[in-house]
Amino acid sequence: MQVTIDGVPFVPACASTSRIGIAITTHNRPDVLNLAIEQHMKHLPAGALVVVIDDGSKPAAVVPDGVQLLRHETSLGIVASKNASLTALMNAGCEHLFLWDEDAWPIANNWHLPYIESPEPHLAYQFLDLAGRNKLNDLSVLYRDDQHVAYTGQRGVMLYYHRSAIEEVGGFDPVYGRGMYEHSDLALRIHNAGMTTWAYADVVGSEKLIHSLDEHEAVERSVPRPDRQALVERNVKIHNERRDTGFTGYVEYRQQRDAVITTLLTSQPDPQRGTKLTASPDMLAKWAASLRQCGRIALVDELQTVPADVELHRVPDVKMNVYFRRWLHIWQHLRDHPEYRFVWCTDGTDVEMLRAPWEEMEPERCMSVLNRRPTPTHGRNRIILSISIRNSLKHTAAM
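Sequential numbering of the sequence shown, starting at 1, is according to the UniProt record's numbering.
Right, here's the structure in full:
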């Protein structure tokens, strides 16, 4: 049974995930945002998740009930905001991801269907040129059939991704700073990975589905012209070099952090000591206090409390040699936490950090243990299982 209230279709509240995710980025344009949200709710797909990413607006953006709000206290720019959009929708389990600027919105019911029914895992709302007298003359049509139209470039006002595309090549590359060319770079990486027929394509008839204030020159740009020009001049060189070399690299879109992981597994006898240890938070106190600029992760099977600032993660009691078990639990933890950038795995009872090693570590020299397949294009988790950087750790056990 389909339930419609005030023209909006609803699905049961027990649905655990939304297949369709809509993320709207905004910065200092509250009136435009309010109009966009009103239009989105008017034409909302059934069960869709709606998230607003407020990139440091002053005053802070306000959203109605039923819309999630994620806020950057200070503006981080387009790249960070679009990656926050991807993170929110991917974490929510959405299959179809629609990333909108706040100055564009749907104007017809079922606007999403041509996108999600297309076999292309990436499309974007496109307009060949501005609607008024002023013209950009920067795009041309490459191909057209009864379902798709492909162009020589891409607008960024509404970007559609199937989650498989993001899982394959990642998100928007921070190399582009606050933005410009970041969405074209992602489109090229998806295309170079063999996932799309064309790098820059849209569905036919999208002008009847979506309205863009940019297209109609009906809104001030959120990025001032001098700043925009400087970003374009810098980023076009990066973009074009990658385009010309067929760059296809995975770019992590989730905010990453560094961490040190230890295990304290006391449910089984310690093979070296021949006895079962009694778990105590004091055993990890010096280790925890010495760590700097990182998360402190303890994987434990009996310990109930941990020192301040340590994150406790409970693992199952398994009748297995603890020196084998520790690596099993570490691997499982790393698999479940893709937000890590660099990780050290150390003993916790007799190891202290002497200085933070993070700035000296080079991603290309680190062991990646969670790539989905062993190819150089996937660097999903750059994780160290065992590494020696001189004078970074002190081992306090008697030798």
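Even glycine gets a Cβ: it sits at the ideal position worked out from N, Cα and C.
Could you name the residues of the same chain whose beta carbon sits closer than 7 angstroms to that of residue i, not counting the 5 residues immediately before and after it, in chain order?
i, result
"Val236", "Tyr181"
"Val175", "Ile238"
"Asp264", "The identity of residue 264 in the sequence shown is Leu, whereas the question assumes Asp. These residues qualify, in order along the chain: Ala279, Met283, Leu284, Ala298, Val300, Leu303, Gly348."
"Asn321", "Pro271"
"residue 410", "Within the shown structure, residues of the chain are numbered from 1 to 399, placing residue 410 beyond reach of any answer."
Going along the chain, which residues of its own chain have a beta-carbon closer than 8 angstroms to the beta-carbon of residue i, five neighbours each way excluded?
i, result
"Asp145", "Val204"
"Ser18", "Gly47, Ala48, Leu49, Ala92, Gly93, Cys94"
"Ala60", "Asp54, Arg71"
"Gln154", "Ala124, Gln126, His183, Ser184, Ala187, Ala199, Tyr200"
"Arg228", "Met180, Arg221"
"Thr305", "Pro281, Leu312"
"Leu291", "Val260, Met353"
Would you report the Cα separation of residue i and residue j, rounded to the nearest angstrom?
i, j, result
"Thr26", "Gln293", "31 angstroms"
"Met41", "Pro281", "51 angstroms"
"Gly194", "Leu86", "21 angstroms"
"Arg326", "Val141", "57 angstroms"
"Lys58", "Ser81", "16 angstroms"
"residue 453", "Thr196", "Limits of the chain in this structure are 1 at one end and 399 at the other, which puts residue 453 out of reach."
"Leu130", "Ala259", "48 angstroms"
"Glu233", "Leu328", "48 angstroms"
"Arg341", "Ile78", "22 angstroms"
"Arg242", "Gly156", "19 angstroms"
"Asp31", "Tyr143", "37 angstroms"
"Ile24", "Lys208", "20 angstroms"
"Ile330", "Gln256", "18 angstroms"
"Tyr115", "Tyr160", "7 angstroms"
"Val223", "Leu44", "28 angstroms"
"Ile297", "Leu354", "18 angstroms"
"Leu299", "Asp317", "11 angstroms"
"Ile20", "Pro119", "16 angstroms"
"Arg390", "Glu252", "At Arg390 the pLDDT is 44, less than 50, meaning the model places this residue with poor confidence; the figure from the coordinates comes in the next sentence. The straight-line gap from Cα to Cα measures roughly 29 angstroms."
"Leu334", "Gln147", "42 angstroms"
In chain order, what residues of the same chain lie with their CB nearer than 6 angstroms to the CB of residue i, ignoring the 5 residues before and after it?
i, result
"Phe127", "Glu215"
"Asn307", "Note on residue identity: the sequence assigns Pro, not Asn, to residue 307. Here the set comprises Pro281, Leu284, Ala285, Ala288."
"Thr375", "Any answer about Thr375 is weak, because its pLDDT of 37 lies below 50 and its placement is not dependable; what the coordinates show is given next. So the list is empty, once near-sequence residues are dropped."
"Val63", "Val52, Leu69"
"Thr74", "Gly56"
"Thr349", "Met283"
"Lys276", "Pro269"
"Trp100", "Ile24, Met158"
I'd like to confirm the pairing. Which residues does DSSP put opposite residue i in its beta bridges?
i, result
"Ile24", "Val52, Trp100"
"Asp270", "Thr275"
"Gly177", "In the DSSP output, where bridge partners are listed per residue, Gly177 has none listed."
"Ile210", "Pro106"
"Ala150", "Tyr143, Ala201"
"Met158", "Trp100"
"Arg296", "Val260, Val310"
"Arg71", "Asp54"
"His122", "Tyr161"
"Trp344", "Val260"
Could you check what DSSP says for residue i in three-state terms: helix, strand or coil?
i, result
"Pro59", "coil"
"Pro338", "coil"
"Ser280", "coil"
"Arg257", "strand"
"Asp185", "helix"
"Thr263", "strand"
"Val318", "coil"
"Arg228", "helix"
"Leu113", "helix"
"Trp198", "coil"
"Glu95", "coil"
"His239", "helix"
"Met90", "helix"
"Glu360", "helix"
"Glu169", "For clarity, residue 169 is Val in the given sequence; the question names Glu instead. Correct three-state label for Val169: helix."
"Glu38", "helix"
"Glu252", "coil"
"Glu233", "helix"
"Val32", "helix"
"Val223", "coil"
"Arg19", "coil"
"Asn83", "helix"
"His191", "helix"
"Ala285", "helix"
"Leu328", "helix"
"Asp244", "helix"
"His43", "coil"
Next on the checklist: Pairs of beta-carbons, one from the stretch 257 to 270 and one from the stretch 215 to 222, closer than 8 angstroms: are there three or more?
Outcome noted: no
Checklist entry - Is there contact here, the stretch 186 to 195 with the stretch 127 to 143, by at least three beta-carbon pairs under 8 angstroms? => result no
Checklist entry - Are the stretch 115 to 127 and the stretch 192 to 210 in contact at 8 angstroms, needing three or more beta carbon pairs? => result yes
Checklist entry - Is there contact here, the stretch 164 to 180 with the stretch 105 to 119, by at least three beta-carbon pairs under 8 angstroms? => result no
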